[in-house]
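Novice:
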Amino acid sequence: MGDKFSAFSKNHILDIYKIVMGILLATGFVVSVIGVDGMLTTILWSTIGALLFAGMIFLVIKQHLLPYLIKRFMEAGVTLLVIVTLVFLLLRLMPGGPFDSERALPAEVMANIAAKYKLDAPLLEQYTHYLGNLLKGDLGESYKYLGRPVSSIISDTFPVSLQLGVYALILSYLIGIPLGVIAASKHNTWVDTGSMFLAMGGVTLPSFLVASLFILIFSFQFQILPPALWEGPLYYILPVVTLGIRPAAIIARLTRSSVLDVIRSDFVRTARAKGLAERVVLFKHVLRNSLIPVLTYSGPLIADIISGAFIIEIIFAVPGMGRHLILSVTNRDYPLVLGVALLFSVLLVVSNLLVDIFYAIVDPRIKLAA
55 MGDKFSAFSK
65 NHILDIYKIV
75 MGILLATGFV
85 VSVIGVDGML
95 TTILWSTIGA
105 LLFAGMIFLV
115 IKQHLLPYLI
125 KRFMEAGVTL
135 LVIVTLVFLL
145 LRLMPGGPFD
155 SERALPAEVM
165 ANIAAKYKLD
175 APLLEQYTHY
185 LGNLLKGDLG
195 ESYKYLGRPV
205 SSIISDTFPV
215 SLQLGVYALI
225 LSYLIGIPLG
235 VIAASKHNTW
245 VDTGSMFLAM
255 GGVTLPSFLV
265 ASLFILIFSF
275 QFQILPPALW
285 EGPLYYILPV
295 VTLGIRPAAI
305 IARLTRSSVL
315 DVIRSDFVRT
325 ARAKGLAERV
335 VLFKHVLRNS
345 LIPVLTYSGP
355 LIADIISGAF
365 IIEIIFAVPG
375 MGRHLILSVT
385 NRDYPLVLGV
395 ALLFSVLLVV
405 SNLLVDIFYA
415 IVDPRIKLAA
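Now the structure itself:
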């Protein structure tokens, strides 16, 4: 009796947790889109973060994931060290230096600048100096935005890039998964053909061409949406849709293929033989088991969307990291390039780790072990 009550309570607590998180995330999304700012928004997102952290701790304990997480964090540390080392060496191997494009300066001034940033030191000394500062949380000072730490530039611009990426990610799931399910459920019909034709167009059309067409049609022809900047919900629509089209198309194709595989499985035939409605079979038995390939794609997708946002940011004049990244590469701004590369490497590692953990949630047959 006690065990049954315990199991009953756990299931209900888990259901309540999912409902509360769904409501809070939906509210947070709406509040972010309409641009509400203030103490209430801070409390809302702090609550979401605390509940997500509590949920992760519960999952780690329940699934015995602590050894697995320790192993993954150690692998992540080695991966990040390799990436930082490679980017550091590649930057030094690039022709030209960070101050070569400046106007002609006396040799003494150039020597002082090189000494200030330790560019005159041996390569190994520069590398160990950078790693030492990195371990202290210091990403260095930009060579082109004089006096500005790299961490300050990233903290000012990354939230905008993250906001754009998260909206595009949500949009890609909202479009891609239903489109894939509809196409699979109407297999070999005009609905299936039309859906996959749209998905193929979304995959093949380059983002800069889609962005230009959207600006031409919606901003100049019909004049219903602003062509640039990031100042409110109306400004979000064109860049978010442009960025979300390609991942939505890929997700639709993945979902359709996976649903078609699962829908022919024995347990689906058994569910139908029991007399369950097709809607119940599709959403309760097929969809959940079809999400594994979509989840697999989600890890790289997150980094892909945020890094792909740079071109979109430049086209729509969104004040994110895109402009700084492009300029930092062309200007040989070593600390800024290294800082951005490290940031995206961390994003990729963390997103892949979260995807692995979600595997265990979606499919309990999958066990994560160290």
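Residue numbers for the sequence shown follow the working numbering, so the first one is 55 and each next one is one higher.
For every residue, glycine included, the Cβ atom is placed at its ideal position computed from N, Cα and C.
Quick check: the Cα distance between residue 174 and residue 394, rounded to an integer number of angstroms?
Specialist: Rounded to whole angstroms, residue 174 to residue 394 spans 24 angstroms at the Cα level.
Novice: On the CB-based measure, 16 or more other CB atoms within 10 Å of its CB, does residue 426 come out buried or exposed?
Specialist: In this structure the chain extends from 55 to 424, so residue 426 is not present and cannot be described.
Novice: Could you tell me the distance, in whole angstroms, from the CA atom of residue 376 to the CA atom of residue 245?
Specialist: Whole-angstrom Cα-Cα distance: 38 angstroms.
Novice: Using only the heavy atoms of the ligand SAH, determine whether one of them is closer than 7 angstroms to the beta carbon of residue 319.
Specialist: In the structure shown, the ligand SAH is absent, as is every other ligand, since no ligand is present at all.
Novice: Rounding to the nearest angstrom, what Cα-Cα distance links residue 208 and residue 222 in this structure?
Specialist: Answer to the nearest angstrom: the Cα atoms are 20 angstroms apart.
Novice: Assess, as a yes-or-no matter, whether the stretch 187 to 197 is touched by the stretch 253 to 272 under the definition of 3 or more beta carbon pairs within less than 8 angstroms.
Specialist: No, the stretch 253 to 272 does not touch the stretch 187 to 197.
Novice: For the alpha helix (DSSP H) holding residue 327, just list the boundary residues, first then last.
Specialist: Segment 320 to 327, the alpha helix (DSSP H) holding residue 327.
Novice: Per DSSP, what are the beta-bridge partners of residue 203 in this structure?
Specialist: Partner(s): 195.
Novice: Can you tell me where the alpha helix (DSSP H) holding residue 145 begins and where it ends?
Specialist: Counting along the chain, the alpha helix (DSSP H) containing residue 145 begins and ends at 120 to 147.
Novice: If I follow the unbroken alpha helix (DSSP H) through residue 377, where does it start and stop?
Specialist: 376 to 384 is the span of the alpha helix (DSSP H), which, as asked, contains residue 377.
Novice: Beta-carbon within less than 6 angstroms of residue 352's beta-carbon, same chain only, minus the 5 sequence neighbours each way: which residues are those?
Specialist: Cβ within range, chain order: 409.
Novice: Could you give the DSSP three-state label for residue 264: helix, strand or coil?
Specialist: Three-state DSSP puts residue 264 in a helix.
Novice: Measuring CB to CB, does residue 386 end up less than 8 angstroms from residue 150?
Specialist: Yes. Within cutoff.
Novice: What would DSSP say about residue 277, mapped onto helix, strand or coil?
Specialist: If DSSP states are grouped into helix, strand and coil, residue 277 belongs with coil.
Novice: Under a Cβ-count criterion, where at least 16 other Cβ atoms within 10 Å of its own Cβ denotes burial, should residue 340 be classed as buried or exposed?
Specialist: Counting Cβ neighbours within 10 Å, residue 340 comes out buried, since at least 16 surround it.
Novice: Would you report the Cα separation of residue 116 and residue 287, rounded to the nearest angstrom?
Specialist: Cα to Cα, the separation comes out at about 40 angstroms.
Novice: Does DSSP put residue 171 in a helix, a strand or coil?
Specialist: If DSSP states are grouped into helix, strand and coil, residue 171 belongs with coil.
Novice: Among the residues of its own chain, which have a CB less than 8 angstroms from the CB of residue 350, if the five just before and after it don't count?
Specialist: So the list reads 409, once near-sequence residues are dropped.
Novice: What residue range is occupied by the uninterrupted alpha helix (DSSP H) comprising residue 160?
Specialist: It is not in any alpha helix (DSSP H) - residue 160 carries neither H nor E in the DSSP assignment.
Novice: State the DSSP-derived secondary structure class of residue 35, mapped to helix, strand or coil.
Specialist: Since the first and last residues shown for the chain are 55 and 424, residue 35 lies out of range.
Novice: Identify which residue in 284, 140, 235, 276 has its Cα closest to the Cα of residue 211.
Specialist: Of the listed residues, the one whose Cα sits closest to residue 211 is 284.
Novice: Is it the case that the Cβ atoms of residue 23 and residue 234 are separated by a distance below 8 angstroms?
Specialist: A query on residue 23 cannot be resolved here, the shown segment of the chain reaching from 55 to 424 and no further.
Novice: Could you check if residue 337 is buried or exposed, using at least 16 other CB atoms within 10 Å of its CB as the buried criterion?
Specialist: By the 10 Å Cβ count, residue 337 comes out exposed.
Novice: Quick one, are the C-beta atoms of residue 261 and residue 366 less than 8 angstroms apart?
Specialist: Going by C-beta atoms, residue 261 is nearer than 8 angstroms to residue 366.
Novice: Where does residue 241 sit, in a helix, a strand or coil, going by DSSP?
Specialist: Looking at residue 241 - three-state DSSP - the assignment turns out to be coil, as it is neither helix nor strand.
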